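**Q** Residue numbers (our numbering), protein chains in the order written: chain P, 1 to 298; chain C, 299 to 620.
Starting off with a structure, shown below.
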Amino acid sequence: MSSPPLLRGAPARTDTTGLDAHGPDTAEPTGIAGRIREHIVSMCAGPEGGHLGGSMSLVEILSVLYFRVMRHDPRFPGLPERDVLLLSKGHGGIALFATLCEAGYFPAAALDEYARPGSHFMAHPHPEIPGVEIASGSLGHGLALGVGYALANRLDGSDRRCFVVMGDGELQEGSVWEAASVASAHRLNGLTAIVDRNGLQITGATETVHPLEPLADRWRAFGWRVLEADGHDAEALTRVLTLPAAPQAPTVVIAHTVKGRGVPFVEGQARSHYARLSGRQHLRALNAVRASTGGDRR
Amino acid sequence: MTTAPAPAPARSSREVYRDAVAKLLPDEPRLVVLDSDTGLFGGVDFGSAADRYLNLGIAEHTLMGAAAGLAREGRIPLVNTMAAFASSRAVEAVKIDIAMGNLPVLIAATHSGVSAGHLGPTHHALEDLAVMRALPHMTVVVPGDAAGTEELLRQALALDGPVYLRLGRGATPDLPAGPPLRLGKAQQLRTGTDITLAACGPYPVLAALEAADLLEGEGITANVLHLHTVKPLDTSALLSSLGVGDTVITVEEHWRSGGFGSAVAEALSAVRPVRVHRMALPDEFVPVAGSQRYLIERGGISARTIAEQARKSVESHRGGTR
Numbered sequence: 001m002s003s004p005p006l007l008r009g010a011p012a013r014t015d016t017t018g019l020d021a022h023g024p025d026t027a028e029p030t031g032i033a034g035r036i037r038e039h040i041v042s043m044c045a046g047p048e049g050g051h052l053g054g055s056m057s058l059v060e061i062l063s064v065l066y067f068r069v070m071r072h073d074p075r076f077p078g079l080p081e082r083d084v085l086l087l088s089k090g091h092g093g094i095a096l097f098a099t100l101c102e103a104g105y106f107p108a109a110a111l112d113e114y115a116r117p118g119s120h121f122m123a124h125p126h127p128e129i130p131g132v133e134i135a136s137g138s139l140g141h142g143l144a145l146g147v148g149y150a151l152a153n154r155l156d157g158s159d160r161r162c163f164v165v166m167g168d169g170e171l172q173e174g175s176v177w178e179a180a181s182v183a184s185a186h187r188l189n190g191l192t193a194i195v196d197r198n199g200l201q202i203t204g205a206t207e208t209v210h211p212l213e214p215l216a217d218r219w220r221a222f223g224w225r226v227l228e229a230d231g232h233d234a235e236a237l238t239r240v241l242t243l244p245a246a247p248q249a250p251t252v253v254i255a256h257t258v259k260g261r262g263v264p265f266v267e268g269q270a271r272s273h274y275a276r277l278s279g280r281q282h283l284r285a286l287n288a289v290r291a292s293t294g295g296d297r298r
Numbered sequence: 299m300t301t302a303p304a305p306a307p308a309r310s311s312r313e314v315y316r317d318a319v320a321k322l323l324p325d326e327p328r329l330v331v332l333d334s335d336t337g338l339f340g341g342v343d344f345g346s347a348a349d350r351y352l353n354l355g356i357a358e359h360t361l362m363g364a365a366a367g368l369a370r371e372g373r374i375p376l377v378n379t380m381a382a383f384a385s386s387r388a389v390e391a392v393k394i395d396i397a398m399g400n401l402p403v404l405i406a407a408t409h410s411g412v413s414a415g416h417l418g419p420t421h422h423a424l425e426d427l428a429v430m431r432a433l434p435h436m437t438v439v440v441p442g443d444a445a446g447t448e449e450l451l452r453q454a455l456a457l458d459g460p461v462y463l464r465l466g467r468g469a470t471p472d473l474p475a476g477p478p479l480r481l482g483k484a485q486q487l488r489t490g491t492d493i494t495l496a497a498c499g500p501y502p503v504l505a506a507l508e509a510a511d512l513l514e515g516e517g518i519t520a521n522v523l524h525l526h527t528v529k530p531l532d533t534s535a536l537l538s539s540l541g542v543g544d545t546v547i548t549v550e551e552h553w554r555s556g557g558f559g560s561a562v563a564e565a566l567s568a569v570r571p572v573r574v575h576r577m578a579l580p581d582e583f584v585p586v587a588g589s590q591r592y593l594i595e596r597g598g599i600s601a602r603t604i605a606e607q608a609r610k611s612v613e614s615h616r617g618g619t620r
């Protein structure tokens with residue numbers, strides 16, 4: 001099986017000056033988020049289905065990062081001075097694909113390849129896809145990689161930022177706290193973790209299965225600056241994600257979200273974790289997403 | 299167990315590695331030394347490169363993940379931990395974060411095999427070759443002595459992908475001089491026509507050489523191949539070394555399953571029916587204290603046992619062809 005040709009051949013850019021936060025920042029963010037949600041539900045309506053709930057909860061986090069905060073250029077995914085996003089909660093892969101698509105990394109037709117035999121668009125991200133930095137899916141890996149990126153940036157004397165997006169259930173992995181501890185020990189203030197705090201994991205509420213609270217205190221005790229925001233409020237997310245770095249500590253943003261956000265018949269339910277939407281459910285979900293974004297159909 | 303004593307005093311491969319790294323670091327700006335509180339670098343002065351020595355503490359998963367992050371940003375991390383922790387505790391990060399990305403990370407794994415001796419089975423690594431050679435992209439190197447450690451380290455650093463460098467703890471004798479070491483190529487230390495002894499690791503190679511001496515007195519001549527690179531394996535050297543009986547005896551400081559001997563058996567059996575006798579440590583956790591050499595001999599690997607196996611193989615072949 002060959003890879004889809006549209007993924008190939010991103011040219012190396014030699015002009016590395018003047019990279020700013022990219023994207024149609026004049027674009028109305030709800031419209032972008034709505035289009036990302038449409039892509040997600042459509043991928044979940046494919047023959048394999050997809051991780052619906054934890055992707056829908058991520059939408060504003062990713063759209064704010066890619067359209068308002070990060071310095072990046074979709075024409076040159078490997079640009080040395082780009083800010084880096086590591087999606088540690090790899091089961092949010094389809095949200096990342098949809099966001100990268102809207103940001104211009106590849107055309108929307110690429111998303112039709114999702115889960116097809118031979119496609120790099122699997123349920124979890126793979127770096128063969130332009131804009132995807134690391135393979136993820138086994139939870140508890142991203143923060144350690146973020147430590148490495150942040151160490152490299154510091155050695156380079158660079159102000160580049162590294163964002164690691166984790167699920168809240170993922171914080172049950174011990175390796176997260178090992179990396180959190182190393183990050184604060186080395187005062188990696190170029191590192192920002194974002195926790196998608198949707199409160200649910202496959203078998204139910206995090207607080208029932210394996211409690212995480214008091215979560216903010218736990219991060220503080222590990223030496224991190226803790227910020228909190230409504231994870232579906234683009235303005236609030238933008239505010240916390242554009243604050244100056246703390247002088248000596250990494251930052252974690254606890255983003256309070258709703259699993260399955262935007263699809264009323266699964267919103268806030270653990271069963272939204274993985275879904276294969278029927279034709280009728282697909283239409284209902286698309287209509288709900290479009291209704292909530294004022295009927296924006298691009 | 300020992301062959302004719304080598305002139306140089308015994309040296310520890312991990313200390314030779316450490317000294318080589320201290321020399322290389324200032325001149326190789328891409329190198330970053332990532333430590334996990336091993337203590338190996340205590341007192342080392344990295345000079346102008348001191349900022350590229352980073353001790354992450356006792357955190358082996360993060361060690362591997364951070365190495366991957368650094369490598370993705372253009373650095374060449376040298377990761378330092380014990381073999382047991384690299385190949386067991388941290389192996390998922392090695393697999394997903396390092397090997398999958400084919401990243402230029404060199405994992406310097408000390409205390410391999412039973413070289414941790416009396417530290418006990420928590421610190422022994424007798425599965426590491428099986429684990430590491432199973433990973434796509436991984437190059438697996440086992441220096442046979444201190445001199446070979448520095449040479450193979452330099453060659454390994456020229457590779458693009460990940461490398462597992464298997465080092466010991468204490469001093470081991472130098473191997474006798476042989477042809478130049480080339481990563482990925484077997485080093486032929488003795489030539490014969492009756493049987494091939496293929497060995498990996500300091501004491502296994504020494505034992506094989508001494509076994510060849512014993513056999514020679516009985517009119518049996520052995521090829522002795524030193525295979526310091528387990529992956530990629532030099533299959534063609536093994537094939538061309540085969541004597542009239544098409545028999546190889548492999549010798550290694552590893553559990554019998556999945557290690558060097560298994561790699562040899564897999565490679566040769568794909569080409570033609572070859573007998574591979576795997577001499578390795580038995581399928582058990584070592585429950586006693588003892589030096590590296592003691593524990594290897596306790597596991598049934600010595601010049602005497604290798605010679606016995608060779609004798610049996612040659613006799614059975616000669617008997618079978620009469």
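No residue lacks a Cβ here, since even glycine has one placed at the ideal position from N, Cα and C.
Nothing here was measured: the structure is a model prediction, and the numbers come from that model.
The beta strand (DSSP E) that contains C:Pro-375, what's its start and end?
**A** Where C:Pro-375 is concerned, the enclosing beta strand (DSSP E) stretches over 374 to 380.
**Q** Taking only beta-carbon atoms, is P:Ser-175 less than 8 Å away from chain C?
**A** Yes - at least one Cβ of chain C is within 8 Å of the one on P:Ser-175.
**Q** Residues of chain P with a CB under 7 Å from the CB of C:His-359: which are they?
**A** Residues of chain P passing the Cβ test: Ala-144, Ser-175 and Glu-178.
**Q** Buried or exposed for P:Arg-82, going by 16 or more other Cβ atoms inside 10 Å?
**A** P:Arg-82 should be labelled buried.
**Q** Have a look at P:Gly-104, P:Ala-205, P:Leu-191 and P:Leu-52 and flag the residue whose alpha-carbon is nearest the alpha-carbon of P:Val-84.
**A** Per the Cα distances, P:Leu-191.
**Q** In chain order, what residues of the same chain have a beta carbon less than 6 Å from the beta carbon of P:Leu-100, not counting five sequence neighbours either side?
**A** Once the five neighbours on either side are set aside, the close Cβ partners of P:Leu-100 are Gly-131.
**Q** From C:Arg-373 to P:Ala-180, what does the alpha carbon distance come to, in whole angstroms?
**A** Rounded to the nearest angstrom, the two C-alpha atoms are 22 Å apart.
**Q** Any beta carbon of chain P sitting closer than 8 Å to that of C:Asp-349?
**A** True, the Cβ-Cβ gap to chain P drops below 8 Å.
**Q** Can you tell me where the beta strand (DSSP E) with P:Tyr-149 in it begins and where it stops?
**A** That residue, P:Tyr-149, is in no beta strand (DSSP E); its alpha helix (DSSP H) goes 142 to 155.
**Q** Mind reading off the beta-carbon distance from C:His-615 to C:Gly-543? Whole number of angstroms is fine, and I expect it under 8 Å.
**A** Rounded, the Cβ-Cβ distance is 4 Å, consistent with contact.
**Q** Just to confirm, are C:Leu-368 and P:Leu-151 a CB contact at a threshold of 8 Å?
**A** Yes.
**Q** Candidates C:Val-403, C:Asn-378 and C:Gly-337: which alpha carbon is nearest C:Ala-366's?
**A** Answer by Cα proximity: C:Val-403.
**Q** In whole angstroms, what separates the C-alpha of P:Val-64 from that of P:Ile-32?
**A** Roughly 10 Å between the two C-alpha positions.
**Q** Near P:Asp-233, which residues of its chain fall below 8 Å by C-beta distance, leaving aside the five closest residues on each side in sequence?
**A** So the list reads Glu-60, once near-sequence residues are dropped.
**Q** Using Cβ-Cβ distances below 8 Å, what residues of the region 387 to 405 of chain C are close to chain P?
**A** Taking 8 Å as the Cβ-Cβ cut-off against chain P, the residues of the region 387 to 405 of chain C that qualify are Glu-390, Ala-391, Ile-394, Asp-395, Met-398 and Gly-399.
**Q** Using only CA atoms, which one of C:Gly-476, C:Glu-564 and C:Glu-425 lies nearest to C:Ser-386?
**A** The option with the nearest alpha carbon to C:Ser-386 is C:Glu-425.
**Q** How about P:Val-252 and P:Val-182: are their beta carbons less than 8 Å apart?
**A** No; because the gap between Cβ atoms is not below 8 Å, this pair is not in contact.
**Q** Within the continuous alpha helix (DSSP H) that includes C:Leu-404, where are the two ends?
**A** Element bounds for C:Leu-404: not the alpha helix (DSSP H) but the beta strand (DSSP E), 404 to 408.
**Q** Using 8 Å as the limit for Cβ to Cβ distance, is C:Glu-449 near chain P?
**A** Chain P, which has no Cβ nearer than 8 Å to the Cβ of C:Glu-449, makes this no.
**Q** Please decide whether P:Glu-133 counts as near chain C, where near means a Cβ-Cβ distance under 8 Å.
**A** Taking Cβ atoms only, chain C reaches closer than 8 Å to P:Glu-133, which makes this a yes.
**Q** From the DSSP output, which residues share a beta bridge with P:Val-195?
**A** P:Met-166 and P:Ile-254.
**Q** Across which residues does DSSP place P:Gly-50 in a beta bridge pair?
**A** P:Ala-275, per the DSSP bridge assignment.
**Q** Name the two residues that bound the continuous beta strand (DSSP E) containing C:Trp-553.
**A** Counting along the chain, the beta strand (DSSP E) containing C:Trp-553 begins and ends at 545 to 553.
**Q** Kindly say whether C:Ala-365, judged by its beta-carbon, lies nearer than 8 Å to any beta-carbon of chain P.
**A** With 8 Å as the cut-off, C:Ala-365 counts as an interface residue toward chain P.
**Q** Does the region 147 to 163 of chain P come close enough to the region 100 to 113 of chain P to have 3 or more Cβ pairs within less than 8 Å?
**A** Counting Cβ pairs under 8 Å, fewer than three are found: no touch.
**Q** Using the C-alpha atoms, what's the distance from P:Lys-89 back to C:Leu-579?
**A** Going by the C-alpha atoms only, they are around 41 Å apart.
**Q** So, does the CB of P:Ala-10 fall closer than 8 Å to a CB anywhere in chain C?
**A** Only weak support exists for where P:Ala-10 lies, its pLDDT of 33 falling under 50; the coordinates are left without a value.
**Q** What is the DSSP secondary structure of P:Leu-283, counted as helix, strand or coil?
**A** It is helical.
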